[in-house]
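There are 2 protein chains.
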Amino acid sequence: MKVSEAKQQFISTWGAMGTHWGINRTMAQVHALLMISPDPLNQDDIMAQLNISRGNVNMNIRELIDWGLVDRVIISGERKEYFSAEKDIWKVATQIIKERKKRELDPMMKLMDQMSKVEGDRNDKEVKVFLDTVTGIQKFGAHADDMLGLLVKSDENWFLSTVLKLIK
Amino acid sequence: MKVSEAKQQFISTWGAMGTHWGINRTMAQVHALLMISPDPLNQDDIMAQLNISRGNVNMNIRELIDWGLVDRVIISGERKEYFSAEKDIWKVATQIIKERKKRELDPMMKLMDQMSKVEGDRNDKEVKVFLDTVTGIQKFGAHADDMLGLLVKSDENWFLSTVLKLIK
DNA sequence: AATCATTTTCAATATTTTTTGAAAATTTTA
DNA sequence: TAAAATTTTCAAAAAATATTGAAAATGATT
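So the protein sequences, as listed, match chains A and B. At position 129 of the first sequence the residue is numbered 129 (my numbering), and the sequence of numbers has no breaks. Just add 168 to the spot in the second sequence (first one is 1) and you have my numbering.
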C-alpha cells in the first residue's frame with residue numbers, strides 16, 4: 001500500500017469510527033488529517049484535502065479546539081491561521097476521556113443522585129427495581145471513574161503494566 | 169420526585185446518553201424501560217409506554233437482542249412474546265464492552281497492522297509522522313484491550329479495588 | 001385447512017443532522 | 001481609514017437516519 005493511499009484510508013476509517021462514538025464524521029476526519037500531517041494546515045488546505053466547504057471546516061475545527069484536540073498555530077509571515085493536532089495518542093485519549101467524563105459521566109451521576117432520593121415504598125417491587133438500577137449505575141460510575149483515571153496514568157506507570165498482565 | 173416521574177426521567181436521560189455514544193435514541197429508551205421494569209414486557213406494552221410504532225419496537229428489540237442486552241421470555245399461558253433486560257449493570261457494561269471491542273476495536277487494530285506495512289522511505293517526514301501515528305494507535309489499542317479486560321474482571325477482584333485506590 | 005393472533009418486513013414519510021455558500025464580521029495591511 | 005484578506009455565521013439545501021403503518025409472513029387454535 002502506498003502512503004497516499006494509506007493516508008486516505010486512515011482518514012476515512014477514523015471518520016467512520018467517529019460516527020460509532022457519537023462524533024461527527026467530518027470532525028473525526030479533520031482530526032485524522034491533522035494527526036498525520038507533519039506540518040500545521042490552514043482552512044484552505046483542509047478544504048482541499050477533504051473536499052468540504054469552508055463553513056464546514058470552520059465549525060469542525062472550532063469544535064476540535066473546544067475539545068482540546070487541536071491548537072491554533074501562528075506561523076510568522078503568514079496571514080492565515082494554521083492548525084495542528086496533538087500527535088501523542090495517549091494525550092489525545094486522555095483529553096477525550098476527561099472531556100467526556102465532564103460532559104457526560106458527571107451530569108449523569110448527578111442525576112442518579114437525585115433519582116436515588118425518589119419517594120415511594122421500598123417494599124413496592126416497582127420502586128425496588130428502579131432504585132436497584134439507579135444504585136447499580138452509581139456504583140458502576142464511581143468504579144469507571146477510578147478506572148479511567150487509571151488508564152490515563154497507566155502509560156507512565158511501570159508497576160501497573162505488570163499488574164495488568166498478572167490479573168489478565 | 170415521584171416514582172412515575174423519575175422513571176420517565178430515567179428513560180429520557182438514558183436515551184439522550186445513547187445518542188452521545190452512537191446508539192439510537194429509541195433503542196436506548198427501550199433498554200432503559202426494560203431495565204427498570206420488574207416484569208417482562210411485550211411489544212404492546214413498549215409501544216404504549218414509549219409512544220412508538222410496532223415496527224419501531226420490533227426493530228429495536230431485535231437489535232438489543234443482537235447486542236445480548238435483552239432476552240425473549242416465554243410466559244406460559246401467554247401467546248405474546250415477552251422481553252426482559254439484564255438488570256445487573258456490570259453484566260450490561262461487560263456485554264457492551266465485549267461487543268464494541270469485537271465490532272470496532274478489533275477491526276480497527278487489524279487495519280492499523282496493514283497500514284504499518286505501508287511502503288515508503290522512513291526518512292521522509294510524511295511517512296514518519298504517519299507511521300508514528302499508526303504505531304501509537306497500535307500500542308494504545310493493546311493497552312486499552314488489557315484495560316477493558318481488567319474492568320470486566322475488576323468487579324469480582326478484591327485485590328484490584330485496593331490497587332486502584334492506591335495508584336489514584 | 002381456515003381463522004385468528006402475533007410478528008416481521010419495508011417502501012414511504014418524517015425527523016434530525018450535516019453541509020453549503022454567500023453575506024456579515026473581523027482582522028490585517030497599506 | 002479604506003481596501004483587501006481572512007474568518008465566522010447561519011438560513012437554506014442536502015444527506016443521513018429514524019419512524020410509521022399497512023401488507024406479508026409466521027405461528028397457534030379450532
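For every residue, glycine included, the Cβ atom is placed at its ideal position computed from N, Cα and C. Small disclaimer: the values here were computed from a predicted structure and weren't measured.
Check                                                                                                                                                                         : Outcome
Measuring CB to CB, does F251/B end up less than 8 angstroms from V260/B?                                                                                                     : no
Secondary structure at D292/B, three-state DSSP: helix, strand or coil?                                                                                                       : coil
Just checking: is the beta-carbon of A6/A within a distance shorter than 8 angstroms of some beta-carbon in chain B?                                                          : yes
Report the option in M185/B, I204/B, G190/B and Q306/B whose CA atom is closest to the CA atom of E173/B.                                                                     : I204/B
Go ahead and label N60/A buried or exposed: buried means 16 or more other beta carbons lie within 10 angstroms of its beta carbon, across all protein chains shown.           : buried
Pull the bridge partners of R240/B from the DSSP assignment, please.                                                                                                          : F251/B
By a C-beta neighbour count over all protein chains shown, 10 Å radius and 16 as the cutoff for buried, is M115/A buried or exposed?                                          : buried
Can you list, in chain order, the residues of the stretch 261-279 of chain B whose Cβ is nearer than 7 angstroms to any Cβ on chain A?                                        : A261, E272, M276 and L279
So, with DSSP's three-state summary, where would you put N192/B?                                                                                                              : coil
Go ahead and label P169/A buried or exposed: buried means 16 or more other beta carbons lie within 10 angstroms of its beta carbon, across all protein chains shown.          : In the structure displayed, chain A extends from 1 to 168; residue 169/A sits before or after that span and is not available.
What do you get for K175/B, buried or exposed, if any count of 16 or more other CB atoms within 10 angstroms of its CB means buried?                                          : buried
With a threshold of 8 angstroms on Cβ separation, who are the neighbours of Q306/B within its own chain once the five nearest residues in sequence on each side are excluded? : M277, M280, D281 and S284
Just grab the DSSP bridge partners of N42/A for me.                                                                                                                           : Y82/A
For chain A, find out if any of its Cβ atoms is closer than 8 angstroms to the Cβ of E254/B; answer yes or no.                                                                : no
Go ahead and pull the three-state DSSP assignment for E361/B.                                                                                                                 : As shown, chain B starts at 169 and ends at 336. That puts residue 361/B outside it, with no answer to give.
Let me know the secondary structure DSSP gives M1/A once reduced to three states.                                                                                             : coil
If contacts are defined as beta-carbon pairs under 8 angstroms, then E272/B and W235/B qualify, I think. What distance do you get, rounded to the angstrom?                   : Actually they do not touch by this definition, with Cβ atoms about 13 angstroms apart.
CB-CB under 8 angstroms to I75/A, same chain, minus the five flanking residues each way: which ones, in chain order?                                                          : P40 and Y82
Chain B partners of D132/A, CB-CB under 8 angstroms?                                                                                                                          : K255
Distance check for G288/B and I3/A, CA to CA, integer angstroms please.                                                                                                       : According to the sequence shown, residue 3/A is Val rather than Ile. Approximately 7 angstroms between the Cα atoms of the pair.
Strictly below 8 angstroms CB to CB, what residues from chain A border Q177/B?                                                                                                : L111 and M115
Do W21/A and F308/B count as a contact pair if the criterion is CB distance below 8 angstroms?                                                                                : no
Going along the chain, which residues of the stretch 47-69 of chain A sit with their C-beta nearer than 7 angstroms to a C-beta in chain B?                                   : none
Interface residues of chain A around L319/B at Cβ under 7 angstroms?                                                                                                          : M147
If I follow the unbroken alpha helix (DSSP H) through G245/B, where does it start and stop?                                                                                   : It is not in any alpha helix (DSSP H) - G245/B carries neither H nor E in the DSSP assignment.
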